[in-house]
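Here the numbering used here = 1-based position in the sequence shown + 3.
Ideal Cβ placement from N, Cα and C applies to all residues, glycine included.
Since the structure is predicted, the reported quantities are computational estimates derived from the model, not experimental observations.
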Amino acid sequence: MSQAPVPPPAIPVTLITGFLGSGKTTLLNRILTENHGKKIAVIENEYGEIGIDHDLVVQSDEEVFEMNNGCLCCTVRGDLIRVLGTLLKRKQKFDSVLIETTGLADPGPVIQTFFMDDEMKSQLRVDAVVTVVDAKHLLLHIDSSEECRKQIAFADIVLLNKIDLVTPAEADEVEKRIRLINRLAVIHRTQNSDIAIDKVIGVGAFDLDKALDVDPRLLPEEKAPFTWGGLWRLDSGEYTLHFKAGTKAAQTVALFPNAHVSHKGLHIAEHTAEEIFGKASRNVAPGGKAPITPAEVPLRLDLSGDGEGEVVFSVKIPDMGGYALFTEFTPDETGFRLEKKGKVIPHSEGHGFGGGADCDEHGHSHTHAPGTGHGEMGHEHEEGVSSVGIDLPGELKLEPFEKWIGDLLKNKGADLYRFKGIVALVGQEKEFVFQGVHMLLDGRPGRPWGDKERRSRLVFIGKNLDRAALNAGVRACAA
4 MSQAPVPPPA IPVTLITGFL GSGKTTLLNR ILTENHGKKI AVIENEYGEI GIDHDLVVQS
64 DEEVFEMNNG CLCCTVRGDL IRVLGTLLKR KQKFDSVLIE TTGLADPGPV IQTFFMDDEM
124 KSQLRVDAVV TVVDAKHLLL HIDSSEECRK QIAFADIVLL NKIDLVTPAE ADEVEKRIRL
184 INRLAVIHRT QNSDIAIDKV IGVGAFDLDK ALDVDPRLLP EEKAPFTWGG LWRLDSGEYT
244 LHFKAGTKAA QTVALFPNAH VSHKGLHIAE HTAEEIFGKA SRNVAPGGKA PITPAEVPLR
304 LDLSGDGEGE VVFSVKIPDM GGYALFTEFT PDETGFRLEK KGKVIPHSEG HGFGGGADCD
364 EHGHSHTHAP GTGHGEMGHE HEEGVSSVGI DLPGELKLEP FEKWIGDLLK NKGADLYRFK
424 GIVALVGQEK EFVFQGVHML LDGRPGRPWG DKERRSRLVF IGKNLDRAAL NAGVRACAA
């Protein structure tokens, strides 16, 4: 009985993106002209600026140019699938494809093409997204340009180019800023986009076997879900929390007993706050009849008010002792203070959390309540593009996890640029490995757990991520 012929392996496709002037054109021209021994088909977006050197063209057929180093180059004007189809007619002439995506704010739909189109899926596979950034000028426009942040968010590989134009300290600062957006990308520092071709092509970044091949130490380094925490010694009785109206629409806080009112006690409270912030929050309106009491769940306070004056919440402390309050925003941002019968009650210990330059060895900076003569550390809120890492010991229940991830993609998929994970499922002897782009998810069993500790590690990269909700969603699936 004859066996069916084995289909040829799918051709790897690399997407390359980057701002004008980042050095992307230099990289593409290197690929098209240098004698690197690889046959690469380069697809240039119509907004691109490669500028083919026609002295190096050995053959031209319609929109496809064959270069004298064996590479092909063509220009996309509209239909990418049509151009790919044209290229595939001569697929014996190349062994990988590189698509330049200038003008596309979101490479997600291009990535999805190779998962959704049956013909493309059988012959081509996404290999990696490479983003070229200008080390000298990135910090000037990263906060004002969502397109720039998206390009970094989607990247598997970042070329931190023009490294010769900055000091090592400046390069480190740029790299830290990139890591705030994308903790998974491999970063290469380059000059004149000079890098070995095999470090950007054929790397297998979309291979599920490599879905989370990332230093696990990157996961716990995420920013805390709160930016400030303080400790008080309080008598039992009634208090009020005051905020300036309209500074924020809402704010999540955690109020709980903490026996040790000291510097060490604040670090103990920090871990308790992390656990509380990982749970589903309870909404609280100001001026309600039921006062706020210390709780094991986070409280979502409505700060909208009428845009003027103050928003006030009643607080009832049941017993005399130490208490901790951790807040999503700093007191300076919201005008926060704690009062009893009109008198401000200053905290005994306070820290800002956020990893700034003034942080001590614990990654925190000392802060003080308003009115004590000290400034607050600034807060960088996670609006815009950021990444959230979750590292949870133990196993997850399959059905709740499937429902949660399905609902997440349905409701928030447009804002999820990239996500990857390895999860431990009840009753499964192998890791479940998955990754995705927007609403598209690809997953399958991975390596056996063996004697390894069973735990789940997930990373989400996207826009306006709700860290507390993501944490709570995963934790709700725990066995």
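Inter-residue Cα distance where the pair is residue i and residue j
| i | j | result |
| --- | --- | --- |
| glycine 416 | arginine 236 | 45 Å |
| alanine 482 | aspartate 445 | 23 Å |
| arginine 186 | valine 177 | 13 Å |
| proline 563 | lysine 92 | Since the first residue of the chain shown is 4 and the last is 482, residue 563 is not available in this structure. |
| valine 429 | tryptophan 452 | 12 Å |
| tyrosine 326 | aspartate 410 | 37 Å |
| threonine 330 | proline 403 | 30 Å |
| lysine 413 | valine 426 | 20 Å |
| histidine 39 | isoleucine 204 | 12 Å |
| serine 147 | proline 228 | 23 Å |
| proline 110 | valine 264 | 50 Å |
| alanine 276 | lysine 346 | 27 Å |
| histidine 266 | glycine 24 | 49 Å |
| isoleucine 181 | aspartate 238 | 46 Å |
| leucine 461 | alanine 471 | 14 Å |
| glutamine 431 | phenylalanine 437 | 15 Å |
Proximal residues to residue i (C-beta, below 7 Å), its chain only, five neighbours per side dropped
| i | result |
| --- | --- |
| alanine 199 | none |
| alanine 475 | Gly281, Lys282 and Ala283 |
| arginine 421 | Ala156, Phe157, Val440 and Ile464 |
| arginine 152 | Ile145, Ile184, Gly387 and Val388 |
Per DSSP, cross-strand counterpart(s) of residue i
| i | result |
| --- | --- |
| glycine 282 | The sequence shown places lysine at residue 282, not glycine. Lysine 282 is not bridged to any residue. |
| alanine 257 | Phe329 |
| threonine 134 | Thr20 and Val161 |
| phenylalanine 437 | Gly424 and Gly446 |
| leucine 304 | Gln254 and Val287 |
| glycine 232 | Phe329 and His354 |
| aspartate 394 | Arg460 |
| lysine 247 | Glu313 |
| valine 2 | For residue 2 there is no data in the structure shown, the boundaries of the chain being 4 and 482. |
| lysine 346 | Lys343 |
| cysteine 388 | At residue 388 the sequence reads valine, which differs from the cysteine that was named. Lys466, per the DSSP bridge assignment. |
| glutamate 402 | Answer is none; glutamate 402 lacks a bridge partner. |
Candidates the options: closest to residue i by CA position
| i | options | result |
| --- | --- | --- |
| serine 459 | Gly424, Gly453, Asp210 and Trp452 | Gly424 |
| alanine 479 | Thr17, Leu328, Glu456 and Ile408 | Ile408 |
| threonine 89 | Leu419, Glu122, Thr170 and Gly207 | Glu122 |
| proline 448 | Glu456, Asp335, Gly40 and Phe435 | Phe435 |
| valine 16 | Leu143, Gln126 and Asn38 | Gln126 |
| leucine 258 | Lys267, Lys400, Glu278 and Val133 | Glu278 |
| alanine 293 | Thr243, Val206, Leu142 and Gln194 | Thr243 |
| leucine 143 | Lys124, Ala253, Arg182 and Phe22 | Phe22 |
| phenylalanine 87 | Gly111, Gly268, Lys400 and Ala44 | Residue identity check: residue 87 is leucine in the sequence provided, not phenylalanine. Residue Ala44 is the option with its Cα nearest to leucine 87. |
| glutamate 336 | Ile204, Pro228 and Lys251 | Lys251 |
| proline 12 | Gln95, Gly24, Ser265 and Gly40 | Gln95 |
| histidine 274 | Val462, Arg285, Met442 and Glu299 | Glu299 |
| valine 133 | Met119, Gly207 and Lys124 | Gly207 |
Under 8 Å between C-beta atoms of residue i and residue j
| i | j | result |
| --- | --- | --- |
| valine 287 | leucine 304 | yes |
| leucine 306 | phenylalanine 246 | yes |
| glutamate 103 | glutamate 47 | yes |
| lysine 202 | histidine 191 | yes |
| valine 189 | aspartate 159 | yes |
| phenylalanine 209 | alanine 131 | yes |
| threonine 36 | isoleucine 84 | no |
| isoleucine 393 | valine 477 | yes |
| proline 301 | threonine 255 | yes |
| isoleucine 19 | leucine 141 | no |
| alanine 262 | glycine 324 | yes |
| glutamate 398 | arginine 457 | yes |
| lysine 466 | aspartate 418 | yes |
Same chain only: Cβ atoms within 8 Å of residue i, ignoring 5 sequence neighbours per side
| i | result |
| --- | --- |
| serine 196 | Gly26, Lys27, Thr29, Leu30, Arg33, Val135, Leu162 and Asn164 |
| alanine 138 | Leu163, Asn164, Lys165, Ile166, Leu168, Val169, Glu173, Ala174, Val177 and Arg192 |
| glutamate 311 | Ala248 and Gly249 |
| proline 297 | Leu258, Phe259, Pro260, Ile320, Pro321 and Tyr326 |
| glycine 240 | Lys319, Ile320 and Lys343 |
| arginine 128 | Ala13, Ile14, Pro15, Val16, Phe117 and Phe209 |
| glutamate 313 | His245, Phe246, Lys247, Ala248 and Gly338 |
| lysine 433 | Pro448, Gly449, Arg450, Pro451 and Trp452 |
6 Å Cβ shell around residue i - same chain, five flanking residues per side excluded
| i | result |
| --- | --- |
| glycine 233 | Leu328, His350 and Gly353 |
| aspartate 98 | Lys42 |
| glycine 378 | Per-residue confidence for glycine 378 stands at a pLDDT of 29, beneath the threshold of 50, marking its modelled position as unreliable; the derived number appears in the next sentence. Answer for glycine 378: no residue qualifies. |
| isoleucine 348 | Leu341 |
| arginine 285 | Val300 and Leu302 |
| leucine 401 | Leu428 |
| glutamate 383 | Reliability of the predicted coordinates at glutamate 383 is poor, the pLDDT of 32 falling under 50, and no value is obtained from them. |
Chain C within 8 Å of residue i, Cβ atoms only
| i | result |
| --- | --- |
| glutamate 434 | Among the chains of the structure shown, chain C does not appear; only one protein chain is present. |
beta-carbon residue i near the ligand MN non-hydrogen atom, thresh 7 Å
| i | result |
| --- | --- |
| glutamine 154 | The ligand content of the structure shown is nil, which means the ligand MN is not present either. |
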